[in-house]
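Single-structure report; data block below.
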Amino acid sequence: MSSVAPAGATSAPTLSASGPAPNPWAMALRQLDEAATRLQVDPGVRARLSACQRELTVNFPVRMDDGSLRVFTGYRVQHNLARGPAKGGLRYAQHVSLDEVRALAMWMTWKCALVGLPYGGAKGGVICDPRALTPGELERLTRRFATELAVLVSPEKDIPAPDIGTDGQVMAWFMDTYSMHRGYSQPGVVTGKPVSIGGSEGRLEATGRGVAFCARQAAERRHIPLAGGAVVIQGFGNVGGVAARLLNEIGSRIIAVGDAQGGVYDPDGLDVRALRLYAQEHGGVAGFPSATPISNADLLELECDVLVPAAIEGQITAANAGRLRCKLIAEGANGPTTPDADLILAQRGITVVPDILCNAGGVIVSYFEWVQDLQQLFWAEDEVNVRLRRIMGRSFDAMWERAEASQQTLRQAALDIAVARVAEAINVRGLYP
Ligand code: NAD
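Position one of the sequence shown corresponds to residue 0 (numbering that gives the first Met the number 0), numbered consecutively onward.
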């Protein structure tokens, strides 16, 4: 019998300015602190926003294919519920920790508020390497984790979705487990499900579509031509893969792509479709024929028009921000840029479209999926995409205008809009009891 050690919470997170793994919760707290200071948020409200409302840690057994039993550690954190039920993805990865989940939950709160969704922020995850599990093991892990989370989740209370290492199949197992316990189908308990069981048209592509939309909007305003422009993408999963395809479709050259296994570079532009098929077959982009291998560190520093970090947190730090040679960063990932790196990028005139807007397409279409599930009335993909574009466009304009009017970075403007909305909801609801 083997076991996975619990990650444990870091009670006093430290923010590494240049280290390879900055603590995401320290990053999130610093962003909040700075926004709350700018907005002069009431100290009591500030204290409430600085702590996650609910944190659940579960250690649960899973029967492995060889008959042994393994104990996994998982989390579900609800940061703030003032604006509605909790919403946020589930991540299956070895680097999952309580601090990572806390940060991701807080960022979900801001993201939902920024784009005007009636949700609070949540996130969850299990410490595991999903690639090292068989489909049967992954299904048993998911069903047991769903059961452990039953005290928190429901269509009215907390609605998970896919994130790193999870997909529509994992959501289907989650939804089926929850529905078995209830005795009837409850599609609205998760989003990002396959369309055949109540998923939404357009959800699979929504995050990458939103990233490509934001890159185009920012490029237009900065007068950076994307047709023929060079784009570098870190992370070639759901978000990075779709963003690469859609930017390639409008004529951008995708000159480099990296994932957890390695990276590939071609200054004339990679064949994105062939790369996708290659990555599916070989489990990653490394070794793609007729391209030059490149490390993830070097990839980030390539000269290009747009850099799309679409993998994990803390990739652009004070250590490499000074060497980046892009004009624009469109954050597909959550928390890819540290606060110290933000300062350097702002000084260098590199525009950063912040994660809480740039990758909000996923939660926007998750919201559409939830609404469709509750109403049992489903929309065509065109309708989904038109509504997605409307919300992304409105939110982008509001962020850009605020940034220009108050001489802020886009992240500062986005955070200020979001934090002010959540603070207002807290204030107007008052304090119970
Ligand atoms: P995914 O599991 O589909 O893909 C993740 C990709 O990142 C893979 O290509 C993986 O190999 C790569 N990767 C992982 N670790 C890496 C590392 N250390 N260096 C380089 N590459 C690495 O996950 P996803 O759903 O595409 O999520 C990617 C990011 O986007 C995450 O930060 C996630 O929180 C964020 N996000 C996802 C969604 C969504 O709808 N899926 C929505 C909003 C934000």
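We put the CB at the ideal spot given by N, CA and C, even for glycine.
Computed from a prediction, not measured in an experiment: that's the story for all the values here.
Residues sharing a beta bridge with residue i, DSSP
i, result
"S153", "D157"
"I253", "V230"
"R53", "Q77"
"P292", "V263"
"I315", "T336"
"L246", "L246 is not bridged to any residue."
"D32", "Answer is none; D32 lacks a bridge partner."
"R324", "E302"
"D258", "G261"
Through-space distance from residue j to residue i, alpha-carbon basis
i, j, result
"L414", "R29", "12 angstroms"
"S405", "L430", "32 angstroms"
"G88", "E155", "16 angstroms"
"I126", "R75", "12 angstroms"
"V418", "D65", "49 angstroms"
"A317", "A332", "18 angstroms"
"I249", "D270", "14 angstroms"
"A412", "E280", "42 angstroms"
"G361", "L68", "35 angstroms"
"V352", "G164", "24 angstroms"
"R428", "T291", "57 angstroms"
"Q93", "S178", "28 angstroms"
"A309", "E382", "26 angstroms"
"I349", "A296", "18 angstroms"
"L97", "L323", "30 angstroms"
"E300", "V231", "9 angstroms"
"E400", "G123", "33 angstroms"
"V238", "P432", "43 angstroms"
"V95", "I293", "26 angstroms"
"I416", "I315", "24 angstroms"
"A218", "I253", "16 angstroms"
"I343", "N22", "19 angstroms"
Any non-hydrogen atom of ligand 1 closer than 6 angstroms to residue i Cβ
i, result
"A85", "no"
"G123", "no"
"V307", "no"
"G286", "no"
"G236", "yes"
"A332", "yes"
"I163", "yes"
"I311", "yes"
"D297", "no"
"A259", "yes"
"T206", "yes"
"N319", "no"
"G361", "yes"
"N358", "yes"
For residue i, the three-state DSSP class (helix, strand or coil)
i, result
"A273", "helix"
"T9", "The predicted position of T9 is uncertain, since its pLDDT is 34 and thus under 50; no value can be drawn from it."
"K110", "helix"
"E300", "coil"
"F59", "strand"
"R491", "Nothing about residue 491 can be read from this structure; the chain reaches only from 0 to 432."
"R202", "helix"
"D98", "helix"
"D381", "helix"
"Q279", "helix"
"N443", "The structure shown does not extend to residue 443, since the chain spans only 0 to 432, so no value can be given for it."
"L48", "helix"
"P129", "helix"
"Q216", "helix"
"Y431", "coil"
"G392", "helix"
"L116", "coil"
Residue span of the beta strand (DSSP E) that contains residue i, given as start and end
i, result
"V76", "68-79"
"K122", "119-126"
"L306", "305-308"
"T350", "350-352"
"I328", "327-329"
Delimiting residues of the alpha helix (DSSP H) encompassing residue i
i, result
"Y177", "167-181"
"Y366", "360-374"
"L89", "Premise fails: L89 lies in the beta strand (DSSP E), 85-92, not in any alpha helix (DSSP H)."
"P134", "134-147"
"P186", "Element bounds for P186: n/a, residue is neither H nor E."
"Q411", "409-428"
"V40", "V40 -> no alpha helix (DSSP H), and no H or E assigned at all."
Distance cut-off 6 angstroms: residue i Cβ against heavy atoms of ligand 2
i, result
"G197", "No copy of ligand 2 appears in this structure; the ligands present are ligand 1."
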